[in-house]
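J.: In the numbering used here, the protein residues as written are 3 to 488.
Backbone N, C-alpha and C define an ideal beta-carbon position, used for all residues, glycine too.
1) From which residue to which residue does the beta strand (DSSP E) around residue 459 run?
2) Entirely within the region 3-69 and at least 4 residues each: give me those alpha helix (DSSP H) ranges in chain order.
3) Pull the bridge partners of residue 390 from the DSSP assignment, please.
4) At the level of alpha carbons, what is the spacing between residue 473 and residue 484?
5) Using only CA atoms, which one of 299, 21, 278, 271 lies nearest to residue 289?
6) Determine the burial state of residue 223: buried for a count of at least 16 other Cβ atoms within 10 Å of its Cβ, exposed for fewer.
7) Here's the rule I'm using: 16 or more other beta-carbon atoms within 10 Å means buried, otherwise exposed. How should residue 406 be labelled?
8) Looking only at C-alpha atoms, which of 192, 130, 150, 21 sits nearest to residue 349?
9) Give me the Cβ distance between residue 324 and residue 287, rounded to the nearest whole Å; I'm assuming they're in contact under 8 Å.
10) Let me check one thing: in DSSP terms, what residues is residue 223 bridge-paired to?
11) Closest to residue 57 by C-alpha separation, out of 43, 83, 32, would be which residue?
12) Going by alpha carbons, who is nearest to residue 17 out of 125, 92, 178?
13) Only counting runs of 3 or more residues, tell me where the beta strand (DSSP E) segments fall wholly within the region 339-411, in order along the chain.
14) Ignoring anything shorter than 3 residues or poking outside the region 211-280, list the beta strand (DSSP E) runs there in chain order.
15) Please return the same chain residues whose Cβ sits closer than 6 Å to the Cβ of residue 155, not counting the five positions on each side in sequence.
16) Who pairs with residue 471 in a beta bridge, going by DSSP?
17) Which residues in the same chain as residue 195 place their Cβ atom closer than 6 Å to its Cβ, once the five residues preceding and following it in sequence are excluded?
18) Around the Cβ of residue 61, are there at least 16 other Cβ atoms within 10 angstroms (buried) or fewer (exposed)?
19) State the Cα-Cα distance for the pair residue 41 and residue 307, rounded to the nearest angstrom.
20) Please name the residue in 55, 430, 19 whose C-alpha comes closest to that of residue 548.
21) Should the region 45-54 be called in touch with the region 12-32, which here means at least 3 C-beta pairs below 8 Å?
22) Is residue 306 helix, strand or coil by DSSP?
23) At what residues does the beta strand (DSSP E) containing residue 154 begin and finish?
24) Select from 174, 246, 351 the residue whose C-alpha is nearest the C-alpha of residue 212.
25) Using the three-state DSSP reduction, which class does residue 415 fall into: helix, strand or coil?
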């Protein structure tokens, strides 16, 4: 080949740059979901490897076809644009945007007629564009490895000894609001599911709420039994450092359960909580790490949860069981721009409510039939977001009804005779769920003296590039707007 590695005439460094920019762009935008060593190796092979292979083939072609070497600069100019654009398409959409790439190809041919001798300068421009995502990656590496007390086992309760060890099933219908919100002016929906829960001996907790607005930060605080304030990151986001590790990996909740002889099960509808391939401290997962692709937005491996639950119910272990079951319904609204957007998305949400109600009834009945003495928890991770029109809208609203729509969560527990008087008096938010549960099973009110603040925290969009953290509901559920400061 024509001096592929030659400093003056070779294109090795150009090929490296054309793969490096999509690599760091993808990493900087998805870092907390793809931060394993396996991901790094795979993405280097994919982005940089494909770029090197593409340019190597071009050089091989002109080595064989020496009579066409005068067109080498034109081809390299086109290749710089097309290889970078193709890899960027995959980095952004996880697919090739064919129509856009055809347009870029035509434009690159036209530009190469006049600017073909500037393909190296074009590569330098791409390298400059890579500087910002490159430093963003380093910032996120720092955020991931800095001292974060909330990821440590909660010292005052981690060694708790439970006097009662019933089987515990926690069912999490994503984005399911509580009864008062469902009947209120934003959702305007009547469902008999709350009455069905009451008839089946569930205790409903009115005006219950999550402490964070989305699944990742909400579940991270719930399982760690501590507030994290979005990891106190410099650029606060719903995607937060250590979020997935604290949900599907080791956390205070799982540690306490296993320390008290429980076998723990993690049943998720898809791989979203596990997609960074970290963790693995639960005794059983319905999705193994080997099943999870490196390229995924977290919904590639959808499971039939009733089949997985049946397997758990049939597990004849001599240990008590804790089973976490995540169902991705009704989910929150998705901000689809359309005519009468708020009303259209409200109707879509309440239609999903009726769909998930059937699933919930079947799930609870399966548990009741197989394990009639168990504690069964139905608890959502956040609200349905009805009333919002976009993420900027959600991250700037100070309207009380909208804020409650974001955080309102169904909470119902079938205690099956295991609840002691007074233990759940202050159970008002997700972060304190397991503390109340464990204190009750240990029959020790001392553990209730260290409960976390029940406040709810939202992101607030200060500018196009940075969010701050604001308390929007205080410990008593009153609407406030107070910036969190370390």
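T.: Let's see:
1) Looking at the DSSP string, the run of the beta strand (DSSP E) that includes residue 459 is 458-463.
2) 14-32, 39-45, 51-66
3) 388
4) 5 Å
5) 271
6) buried
7) buried
8) 192
9) No, residue 324 and residue 287 are not in contact; Cβ-Cβ is about 13 Å, not under 8 Å.
10) None, per the DSSP bridge assignment.
11) Residue 57 has its Cα closest to that of 83, out of 43, 83, 32.
12) 125
13) Runs found: 377-381.
14) 265-270
15) 254, 257
16) Partner(s): 461.
17) 359
18) By the neighbour-count criterion, in which 16 or more other beta carbons inside 10 Å mark a residue as buried, residue 61 falls on the buried side.
19) 27 Å
20) Outside the modelled stretch of the chain, which goes from 3 to 488, sits residue 548, for which no answer is possible.
21) yes
22) Coil.
23) Run containing residue 154: none; DSSP gives neither H nor E here.
24) 174
25) strand
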